[in-house]
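These protein sequence lines are chains B and A, in that order. Be aware that the first sequence starts at 1, since it is given in the numbering used here, and climbs by one per residue. Be aware that the second sequence starts at 1, since it is given in the numbering used here, and climbs by one per residue. Heads up, the beta-carbon is just placed ideally off N, CA and C, and yes, glycines get one too.
Number of protein chains: 2
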Amino acid sequence: MTTADIVILGGSAAGITAAITARRHHPDKRIGLVRKEKQVMIPCGIPYIYGTLGSPQKNLIPDSILETNRIDLHIAEVTKIDRKERRLGTSEGDVKYERLILATGSLPTKPPIPGVDLDGVFAILKDVEHLRMLQQRLQKASDVVIIGGGFIGIEFADEINKIGGKDVTVLELAPNCLSLSYDPDFCTEMENLLTSRGITVRTSATVERIAGDGRVSAVALADGSSVPADMVILGIGARANVELARQADLRLGPTGGIAVDRTMQTSDPAIFACGDCAEKISFFGGRPSPLKLASIAQLEARIAGANVFGLRRESDGTLGIWSTAVGELAMGTAGLTESMAKDRGYQVVCGTVETPNRHPGAMPGAAPVKVKLVFELHSQVLIGGQVRGNTSVGEMINTIAACVQKRMTAEDIAMFQMGTHPALTASPIVYPLVNAAELALSQARQ
Amino acid sequence: MTTADIVILGGSAAGITAAITARRHHPDKRIGLVRKEKQVMIPCGIPYIYGTLGSPQKNLIPDSILETNRIDLHIAEVTKIDRKERRLGTSEGDVKYERLILATGSLPTKPPIPGVDLDGVFAILKDVEHLRMLQQRLQKASDVVIIGGGFIGIEFADEINKIGGKDVTVLELAPNCLSLSYDPDFCTEMENLLTSRGITVRTSATVERIAGDGRVSAVALADGSSVPADMVILGIGARANVELARQADLRLGPTGGIAVDRTMQTSDPAIFACGDCAEKISFFGGRPSPLKLASIAQLEARIAGANVFGLRRESDGTLGIWSTAVGELAMGTAGLTESMAKDRGYQVVCGTVETPNRHPGAMPGAAPVKVKLVFELHSQVLIGGQVRGNTSVGEMINTIAACVQKRMTAEDIAMFQMGTHPALTASPIVYPLVNAAELALSQARQ
Numbered sequence: 001m002t003t004a005d006i007v008i009l010g011g012s013a014a015g016i017t018a019a020i021t022a023r024r025h026h027p028d029k030r031i032g033l034v035r036k037e038k039q040v041m042i043p044c045g046i047p048y049i050y051g052t053l054g055s056p057q058k059n060l061i062p063d064s065i066l067e068t069n070r071i072d073l074h075i076a077e078v079t080k081i082d083r084k085e086r087r088l089g090t091s092e093g094d095v096k097y098e099r100l101i102l103a104t105g106s107l108p109t110k111p112p113i114p115g116v117d118l119d120g121v122f123a124i125l126k127d128v129e130h131l132r133m134l135q136q137r138l139q140k141a142s143d144v145v146i147i148g149g150g151f152i153g154i155e156f157a158d159e160i161n162k163i164g165g166k167d168v169t170v171l172e173l174a175p176n177c178l179s180l181s182y183d184p185d186f187c188t189e190m191e192n193l194l195t196s197r198g199i200t201v202r203t204s205a206t207v208e209r210i211a212g213d214g215r216v217s218a219v220a221l222a223d224g225s226s227v228p229a230d231m232v233i234l235g236i237g238a239r240a241n242v243e244l245a246r247q248a249d250l251r252l253g254p255t256g257g258i259a260v261d262r263t264m265q266t267s268d269p270a271i272f273a274c275g276d277c278a279e280k281i282s283f284f285g286g287r288p289s290p291l292k293l294a295s296i297a298q299l300e301a302r303i304a305g306a307n308v309f310g311l312r313r314e315s316d317g318t319l320g321i322w323s324t325a326v327g328e329l330a331m332g333t334a335g336l337t338e339s340m341a342k343d344r345g346y347q348v349v350c351g352t353v354e355t356p357n358r359h360p361g362a363m364p365g366a367a368p369v370k371v372k373l374v375f376e377l378h379s380q381v382l383i384g385g386q387v388r389g390n391t392s393v394g395e396m397i398n399t400i401a402a403c404v405q406k407r408m409t410a411e412d413i414a415m416f417q418m419g420t421h422p423a424l425t426a427s428p429i430v431y432p433l434v435n436a437a438e439l440a441l442s443q444a445r446q
Numbered sequence: 001m002t003t004a005d006i007v008i009l010g011g012s013a014a015g016i017t018a019a020i021t022a023r024r025h026h027p028d029k030r031i032g033l034v035r036k037e038k039q040v041m042i043p044c045g046i047p048y049i050y051g052t053l054g055s056p057q058k059n060l061i062p063d064s065i066l067e068t069n070r071i072d073l074h075i076a077e078v079t080k081i082d083r084k085e086r087r088l089g090t091s092e093g094d095v096k097y098e099r100l101i102l103a104t105g106s107l108p109t110k111p112p113i114p115g116v117d118l119d120g121v122f123a124i125l126k127d128v129e130h131l132r133m134l135q136q137r138l139q140k141a142s143d144v145v146i147i148g149g150g151f152i153g154i155e156f157a158d159e160i161n162k163i164g165g166k167d168v169t170v171l172e173l174a175p176n177c178l179s180l181s182y183d184p185d186f187c188t189e190m191e192n193l194l195t196s197r198g199i200t201v202r203t204s205a206t207v208e209r210i211a212g213d214g215r216v217s218a219v220a221l222a223d224g225s226s227v228p229a230d231m232v233i234l235g236i237g238a239r240a241n242v243e244l245a246r247q248a249d250l251r252l253g254p255t256g257g258i259a260v261d262r263t264m265q266t267s268d269p270a271i272f273a274c275g276d277c278a279e280k281i282s283f284f285g286g287r288p289s290p291l292k293l294a295s296i297a298q299l300e301a302r303i304a305g306a307n308v309f310g311l312r313r314e315s316d317g318t319l320g321i322w323s324t325a326v327g328e329l330a331m332g333t334a335g336l337t338e339s340m341a342k343d344r345g346y347q348v349v350c351g352t353v354e355t356p357n358r359h360p361g362a363m364p365g366a367a368p369v370k371v372k373l374v375f376e377l378h379s380q381v382l383i384g385g386q387v388r389g390n391t392s393v394g395e396m397i398n399t400i401a402a403c404v405q406k407r408m409t410a411e412d413i414a415m416f417q418m419g420t421h422p423a424l425t426a427s428p429i430v431y432p433l434v435n436a437a438e439l440a441l442s443q444a445r446q
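Right under this line is the structure:
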């Protein structure tokens, strides 16, 4: 039997971060990490296996990060959490813990569509073998349909399209792809880009069934049309993987995740949970939130890892920050969009600017960058932002995220000193974050 | 005679921004801008004229931004400020004002070195004709010496080196180039890069005199050595252009700028000043600050433009945020370096991390990114940061800048939700801002 002071169950991004954080906060404790996978996929890198990287082996999280942090790795399938004995039953023997951190992640949602079990229909599992099979199957496919136009769907579509020789179609139920994270003008730009790259994008498309005789042959839509398919990829979301927690009678939350308080403590004070498996509340209003993102998992893991032997940190709730890239176009989002904010009952004032991301515009690499900031009208507190531009968008969205998290106002942002450089950013005169805040202030005064 | 409610004197970045801000805050006022230049240079773009852009004409700020904002442009040389009559005397007749904003900028410092007036020695004036002359002279030069290894010096060195066929030498008085803005390890990296690109970098180099007979032929150093030169460029800083303010008996400050309070009001309540011409205090401790940067000028212009008819905004002082780029290497800095902080009497704790800026590292465009955060030890408030990496550094430094400005702590930053993406940023597990904060916290606990 193995024993450790802190045991982390799950070896993906949340589990690894919880382990590293526990090591930093508890330098003298024995820390173990149990996972079933021999090799761990970088979750966000999975779409890029198919076009850019070329193989699942190029998308691994190296175990060296565990060794460096003196985390004992146990590769084993956990079959049971014995809370009374503080012991995990595993395929390789028992593991005793003083404190347990659950980071069991999520599983892809399988929609209740007829035909979803046909040969050739793939969900996205974070598993090397499964992803390799998907790759082999792709080599022979000529009509690929992706159900779901969220970020996983569009990233898969573009990467598969890069392989060449295939008709790739994205089917999205909502009127726009990415509509849970971007306002319509941003979504439309991404749809147009995908279309210009040869991908068929169908929005407001309700899938009625997946057709085929043993093997998938088409996807039938509610409007009576049908899209030929010799392969279907499901990109419609994920649900918390809570099977072991449920068996151990840990309390579950309203969206189906493991119930935790703001310290990431579960209903058992010796057990914490973080990442996709944990129930979440929104930063805005505090209601249950179904979001599952790396940015959230990371925060929760840093809270759980710090708190195991005395509470040190609390979560303010999930913001929803992420970015995506297709070709030269990158888009980032943080917090609420204008549409989402209005739907939730906020009155908002927005500032939107578009400007070259270099100055002068004749500098190499110049491309337009667009920033939209969403403020609550009366307090003028920033509640969301969206950016569209080139690779630097991946970092711009984090400036916005920091402002949302610290509840900065339009005036705070208008008063920023911001660094600029001809080869790296927009002109100081029109620096887009500051300028968008100034525009929102002008509008609020009117 | 021309009359306006608000007159801005100076048409570069600070003047334009003050005018736009005044328009936003005072939609119904008549606003005029007086400048002597027919065409306005983008100040930070000047080095890039010589290698990347190819001509001063490609580095202009378009006047359309004034038209869009209903600013009346007067091209005239101002000879006098008549404060009693609230009137500017100009080469094209008088301009009457209700409120005046001075944005007269700075002039290059001419060092008291013998030979500084020889033919072939150039200061950097923000003037199209002067910069064109400098370009013509460069075409015939083969030995170019740049005195001063600050950002203007190294940017000029690299751009001139791109022309080809020249020996380019940078002479820096201090032990490192960029040492006023970066800690030594960052400086050394930039020096090594410049050297690898064929530029000679000499640090701890005291210039004794510029030699030549009418025309420059060499630069003589205090150690007895001599560097051949048929052209010398002075990149050693700038002083506030306060001649008109001095003649008008406006109070000047301890570093020679126009004295202003935190609202940018001068000793005359009808006159405001902003940008390089205005005296500044540091964000850290509030002492007089000699910094002159676009990031500071912009903030001051947004304060002055808002405040002319009733005080709306106050400055917290100058932070010092800027970035630079040479080839694929970009560096950004905000606030105090570790060395500067210690020199000023702070006890500090730092966190430094280096990680690939893509995940997995096999993603295209992957390069190492290094982040150093400097915290005050006892409060754990962020007082500075430095980043080295690729173009995204230009935006990363602004996340750090926002954190410094809002006096965030290491714990605030360790608790950030930050967006990440394989093609755009580092891995969430090691996202460098958060990770550097966590490391600083670990060290502070020890």
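message: Using CA atoms only, rank isn't needed, just tell me which of B:SER12, B:ALA18, B:HIS25, B:VAL34 is closest to MET41 (chain B).
response: B:SER12
task: Please name the residue, chosen from B:ALA325, B:TRP322, B:ASN357, B:LEU382, that lies closest to VAL349 (chain B) on a Cα-to-Cα basis.
output: B:LEU382
- prompt: Do the CB positions of ALA414 (chain A) and GLU438 (chain A) come within less than 9 Å of each other?
  reply: yes
N-terminal and C-terminal residue of the beta strand (DSSP E) that LYS126 (chain A) is part of: Element bounds for LYS126 (chain A): n/a, residue is neither H nor E.
task: Please check if any C-beta of chain B sits within less than 9 Å of the C-beta of GLY235 (chain A).
output: no
field: Cα-Cα separation, PHE375 (chain B) to MET264 (chain A)
entry: 27 Å
Three-state class that DSSP yields for MET340 (chain A) in the structure shown: helix
Interface residues of the region 34-59 of chain A facing chain B [CB-CB below 7 Å]: ILE42, CYS44, GLY45, TYR48, THR52, LEU53, LYS58, ASN59
message: Is ASN161 (chain A) close to chain B? Criterion is C-beta to C-beta, closer than 9 Å.
response: no
message: Can you confirm whether GLU395 (chain A), when its beta carbon is compared against all beta carbons of chain D, has any partner nearer than 9 Å?
response: The structure shown contains no chain D; the protein chains it does contain are B and A.
message: In this structure, how does DSSP classify THR399 (chain B) when only helix, strand and coil are distinguished?
response: helix
field: Selection of the region 378-395 of chain A by Cβ proximity to chain B, strictly under 9 Å
entry: ASN390, THR391, SER392, VAL393, GLY394, GLU395
- prompt: Would a check of beta-carbon distances place VAL434 (chain A) closer than 9 Å to chain B?
  reply: yes
Pairwise C-alpha distance: PHE272 (chain A) and THR266 (chain A): 5 Å
- prompt: Of all the options B:SER91, B:GLY93, B:GLU208, which has the alpha carbon lying nearest to the alpha carbon of VAL116 (chain B)?
  reply: B:GLU208
message: If you follow the beta strand (DSSP E) that THR21 (chain B) is in, where does it begin and where does it stop?
response: From DSSP, THR21 (chain B) is part of no beta strand (DSSP E) but of the alpha helix (DSSP H) over 13-25.
- request: Could you tell me which of A:THR52, A:ASN192, A:MET231, A:TYR97 sits nearest to MET133 (chain A), measuring between CA atoms?
  value: A:MET231
task: Classify ALA222 (chain A) as buried or exposed, calling it buried when 16 or more other Cβ atoms lie within 10 Å of its own Cβ.
output: exposed
query: Within the 9 Å Cβ cut-off, does LEU424 (chain A) reach chain B?
result: yes
message: To test your reading of the DSSP string, which unbroken beta strand (DSSP E) runs of 3 or more residues are found completely within the region 99-186 of chain B?
response: 106-108, 143-147, 167-171
Extent of the continuous alpha helix (DSSP H) to which GLN447 (chain B) belongs: Examination of residue 447 (chain B) is not possible in this model, given that chain B is present from 1 through 446 alone.
query: Does any residue of chain B bring its CB to less than 9 Å from the CB of GLN347 (chain A)?
result: no
- request: List the residues of chain A whose Cβ lies closer than 9 Å to the Cβ of ARG24 (chain B), in chain order.
  value: GLU438, LEU439, LEU441, SER442, ARG445
Where VAL434 (chain B) sits in the DSSP three-state scheme: helix
message: Let me make sure I understand the geometry here. Which of B:PRO368, B:ALA229, B:ALA304 has the alpha-carbon closest to that of LEU118 (chain B)?
response: B:ALA229
- prompt: Residues of chain B with CB under 8 Å from THR17 (chain A), in chain order?
  reply: PRO428, ILE429
task: Could you tell me which chain A residues have their CB closer than 7 Å to the CB of PRO364 (chain B), listed as they occur along the chain?
output: THR52
query: Since ALA157 (chain A) meets chain B, which of its residues come closer than 8 Å, beta carbon to beta carbon?
result: The contacting residues do not exist; ALA157 (chain A) stays about 15 Å from chain B at best.
- request: Kindly indicate if chain B contains any beta-carbon less than 9 Å away from that of PHE375 (chain A).
  value: no
is_contact[SER295 (chain B), chain A] using C-beta, thresh 9 Å: yes
Closest Cα partner of LYS80 (chain A) within the set A:ARG202, A:LEU88, A:LEU73: A:LEU88
- request: Run the CB neighbour count on PRO368 (chain B), radius 10 Å, all protein chains shown included, and call it buried at 16 or more, exposed below.
  value: exposed
query: Whose Cβ in chain A lies nearer than 9 Å to the Cβ of MET415 (chain B)?
result: LEU299, ARG302, ILE303, ARG313, GLU314, SER315, ASP316, GLN405
- prompt: Quick one: what's got a C-beta closer than 7 Å to ALA248 (chain A)'s C-beta in the same chain, skipping five residues either side?
  reply: ILE81, ARG83
query: Three or more beta-carbon pairs under 8 Å between the region 336-353 of chain B and the region 294-302 of chain B, yes or no?
result: no
message: Quick check on MET418 (chain A) - is its C-beta less than 9 Å from some C-beta in chain B?
response: yes
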